[in-house]
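In my numbering, the protein residues as written are 230 to 506. Heads up: the structure comes next, in structure tokens.
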């Protein structure tokens, strides 16, 4: 794999299940079914927090809470747009981060205090994060070992699953979810129109957005993620396009790559992958 290609630091799985995304009107309920992003238990608040620590190349033992909290809240805004039912756990972590941030901003007493005696408000959070990272690293090691062995031994016919999952139930694999969510947060921030009292709905079916994206990829080698959104789009339209990208990735209709850390995110059609490698 070329060094210039950045595949992400944490591979996550995402399931698309039968819940209607918020902001989409009831008239597009049928088209929107199966398109909510549901984060598995292991891809919850701690996973997002660990992603932010790694992305910013921070020391997990000395997390700059002010920086991480602001980035966390930005991504939380996107989660609210896509999966309102998943927000609860993330809000709890956000509250904890803001509490720690406030405590660290309080002036300390001028009296000399032993360094070990200082009560660091981050201690409990760091301990949870370290424990989570140990389990995550172990899971990733087992997953890598499983991939290596699956390539070493061919599966026999009688080993095949008699009741395979339907395509709609199969998870998205090898996608850096938080990079996509973070990029989508920037798109909303830069392109969404100012708040108005008028609520604008968009009843475009997700499949229509998917067809439009795939059609554009027939004429160009790749598309910049941000170019899929245009200024003046309302939030419902943006959410629809974002969910269409996730569904195309899940169906392996497109591949998402990133040039480098914090670099441009690109959407490629499968036929373009070999030429781009």
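Glycine is no exception: its CB is placed at the ideal position from the N, C-alpha and C atoms.
N-terminal and C-terminal residue of the alpha helix (DSSP H) that residue i is part of
i           : result
residue 466 : 464 to 479
residue 442 : 435 to 446
residue 351 : Note, residue 351: premise wrong, no alpha helix (DSSP H); not H, not E.
Endpoints, the beta strand (DSSP E) within which residue i is located
i           : result
residue 453 : 451 to 453
Collapsed DSSP secondary structure at residue i in the structure displayed
i           : result
residue 303 : helix
residue 485 : strand
residue 417 : helix
residue 494 : strand
residue 309 : helix
residue 499 : helix
residue 274 : helix
residue 335 : coil
residue 294 : helix
residue 192 : In the structure displayed, the chain extends from 230 to 506; residue 192 sits before or after that span and is not available.
residue 458 : coil
residue 286 : coil
Residue i and residue j closer than 8 angstroms at C-beta
i           : j           : result
residue 407 : residue 452 : no
residue 464 : residue 435 : no
residue 294 : residue 333 : yes
residue 326 : residue 298 : yes
DSSP beta-bridge partners of residue i
i           : result
residue 407 : For residue 407, which the question treats as bridged, DSSP gives no partner whatsoever.
residue 329 : Answer is none; residue 329 lacks a bridge partner.
Closer than 8 angstroms is the cut-off here; do at least three beta carbon pairs connect the segment 352 to 372 with the segment 299 to 306?
no
Count the CB pairs spanning the segment 465 to 475 and the segment 431 to 451 that are closer than 8 angstroms, and state whether there are at least three.
yes
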